[in-house]
Amino acid sequence: MKRLTRVLRSEWGKLALLALLLLAGRSSLADHYHVPSGSMEFSLMPGDRVVVDKTAYGIRIPFTKIDLVDAARPQAGEIAVFDSPVDGTLLIKRIAAVGGDRVDLIDGRLSINGRPLGRSDKPVLERYNGRSWNLNLRDGGGPDIRGLVLPAGTVLALGDHRGNSRDGRYFGLIDESELYGRAVAIYYSRTEGLRWKRL
3 MKRLTRVLRS
13 EWGKLALLAL
23 LLLAGRSSLA
33 DHYHVPSGSM
43 EFSLMPGDRV
53 VVDKTAYGIR
63 IPFTKIDLVD
73 AARPQAGEIA
83 VFDSPVDGTL
93 LIKRIAAVGG
103 DRVDLIDGRL
113 SINGRPLGRS
123 DKPVLERYNG
133 RSWNLNLRDG
143 GGPDIRGLVL
153 PAGTVLALGD
163 HRGNSRDGRY
173 FGLIDESELY
183 GRAVAIYYSR
193 TEGLRWKRL
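Shown next as structure tokens:
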């Protein structure tokens, strides 16, 4: 026990530095997110754990929102993590539209710039920017949006379970600078355990 105490005393600075580096990496490079609700069904299920690439939209000074390096702009179809503008809760939603897009959302079915993204079959499949995902419209489509044009530098974030998602239809548009990162993969599922599924 005395030897362990001696080692810890002599190495505490290195351990503190290591802990700080790990926290800084989690703050600025990569993190994980636990999906708490069904608002993103069927893409993400409650209990899923996802890897978040925090460099996707820029590299920030650790523990701040100050960008050191800009990266790619958010793209419609990506799944992003950000704080709710209502209560600060960390949310995960799909970027449905970006600055300059004209949005119509009728009965849960999305059209961008006059082009419907989904097919009318069941389950509803949306496709955009080379990505595709299934929607959950079992609880309806939630509030409609008609003719909304997004200002530059903003995104509209929606849940894939349109009738069961408190999303941009309720809290408004999100500034691109408020996005923490892009969800890149599910690494754990409550039903399947450890797995790796790219998003």
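Heads up, the sequence shown stops at 201 in my numbering, and the numbers go up one at a time, no gaps.
Just so you know, even glycine gets a beta-carbon here, dropped at the ideal spot from N, CA and C.
Per-residue DSSP class, three states only, for PHE173: helix
Per-residue burial, PHE65 [other beta carbons within 10 Å of its own, 16 or more giving buried]: exposed
Reference LEU175; option with closest CA among ALA58, PRO145, VAL100: VAL100
Runs of alpha helix (DSSP H) lying entirely within the region 129-176, each at least 4 residues, in chain order: 170-173
Spatial distance of ARG129 from HIS163 (CA atoms): 15 Å
For ARG51 and SER86, the rounded distance between their alpha carbons: 19 Å
Under 7 Å between C-beta atoms of ASP106 and ARG148: yes
Boundaries (first-last residue) of the beta strand (DSSP E) holding TYR35: 32-36
Bounding residues of the beta strand (DSSP E) (the contiguous stretch that carries GLY90): Where GLY90 is concerned, there is no enclosing beta strand (DSSP E), given that its DSSP letter is neither H nor E.
Three-state secondary structure assigned by DSSP to ALA1: The shown model of the chain, from 3 to 201, leaves out residue 1, and the question about it has no answer.
Beta-carbon proximity check, LEU139 vs GLY110, cutoff 7 Å: yes
Status (buried if at least 16 other CB within 10 Å, exposed otherwise) for ILE188: buried
Counterpart residues of VAL83 in DSSP-defined beta bridges: ILE94, GLY183
Sub-7 Å separation of GLU178 and GLY161 beta-carbons: no
MET3 burial status per 10 Å Cβ neighbour count (16 or more: buried): exposed
CB-CB length for LEU46 against VAL37, believed under 8 Å: 5 Å
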